[in-house]
Amino acid sequence: KKASSRGAGRNTESFDPASTLGRPDLRIQLGSNRIETYNKPLKHDDVVIVPELFGEEENWDIYYKLVEEVRELQNKSSKGSEWIPWHEGAHLIAKDVSGSDTYKMIIDRLCKYFNIDPSRSKVGTRFNWYRDSSDWKPFHHDSAALNPARAKNQNITIGASFGATRELSFLRAKDYADAGAGP
Numbered sequence: 025k026k027a028s029s030r031g032a033g034r035n036t037e038s039f040d041p042a043s044t045l046g047r048p049d050l051r052i053q054l055g056s057n058r059i060e061t062y063n064k065p066l067k068h069d070d071v072v073i074v075p076e077l078f079g080e081e082e083n084w085d086i087y088y089k090l091v092e093e094v095r096e097l098q099n100k101s102s103k104g105s106e107w108i109p110w111h112e113g114a115h116l117i118a119k120d121v122s123g124s125d126t127y128k129m130i131i132d133r134l135c136k137y138f139n140i141d142p143s144r145s146k147v148g149t150r151f152n153w154y155r156d157s158s159d160w161k162p163f164h165h166d167s168a169a170l171n172p173a174r175a176k177n178q179n180i181t182i183g184a185s186f187g188a189t190r191e192l193s194f195l196r197a198k199d200y201a202d203a204g205a206g207p
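Sequential numbering from 25 applies to the sequence shown in my numbering.
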């Protein structure tokens, strides 16, 4: 039996596929490590992944240097550099490791890449350390997602990962709150 060329087929002459698209809850974009500054507009629901922004994936030099410098700060009793167990010991954080040259280099590179002027914007940072594969972090969300006053000043989260490969997953803030995990 021969297929009919008439009827319910797709209109290939004037059909515009974009007319059926809606903006997703989360949009993943791939950034290039070969450019100095990300050159596409960002919106609140964008995730930009930039492989090897700080070098080859197999090169752990930055990871080891960062941990070494933080330990040096701790040995000098630098305020805010001490390890604090976070999320009931799921991983460690240090609230202020700005005395680390490697940490400053990372922050400077991220600010330049995402076109953030730290002299005009308050840039808050935190160092999360996952010592091994048993350390983990529950779903993260900034308080700005739920606090309109904070959202005026805090409008982006940037993460950089060094060392072992980790899984990254996302959950909408509404779903997080509906599950009883958020405010």
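The C-beta atom is built at its ideal place from N, Cα and C for all residues, glycine as well.
Rounded to a whole number of angstroms, what is the C-alpha to C-alpha distance between residue i and residue j?
i, j, result
"H115", "N63", "34 Å"
"R174", "E112", "26 Å"
"N176", "F163", "The amino acid occupying residue 176 in the given sequence is Lys; Asn does not appear at that position. Answer to the nearest angstrom: the Cα atoms are 22 Å apart."
"E191", "S185", "11 Å"
"S43", "R155", "48 Å"
"S122", "N179", "21 Å"
"L90", "S124", "7 Å"
"G55", "N83", "20 Å"
"Y87", "G79", "11 Å"
"S145", "F39", "45 Å"
"S157", "T189", "9 Å"
"P109", "I117", "7 Å"
"V147", "G46", "33 Å"
"V94", "D85", "14 Å"
What first and last residue would you give for the beta strand (DSSP E) that runs through residue i?
i, result
"D156", "Looking at the DSSP string, D156 is not in any beta strand (DSSP E), and its letter there is neither H nor E."
Are the CB atoms of residue i and residue j nearer to each other than 8 Å?
i, j, result
"N3", "P75", "With the chain covering only 25 through 207, there is no way to say anything about residue 3."
"K119", "G104", "yes"
"Y137", "T36", "no"
"E92", "Q98", "no"
Return the first residue and the last residue of the alpha helix (DSSP H) that residue i is part of.
i, result
"P172", "172-175"
Hey, out of the options, whose CA is closest to residue i's CA?
i, options, result
"V72", "K161, T181, V94", "T181"
"G183", "F151, L170, P172", "F151"
"E81", "L195, G187, R196", "G187"
"S193", "I52, P142, W110", "I52"
"D49", "D85, S167, D69", "D69"
"L77", "W160, D141, I59", "I59"
Requested in this report: Can you check the region 124-155 for any beta strand (DSSP E) of at least 3 residues that lies completely inside it and give the ranges in chain order?
Outcome: 151-153
Report task. Quick one: which unbroken alpha helix (DSSP H) runs of 4-plus residues sit fully inside the region 47-121? Chain order, please. Result -> 85-99
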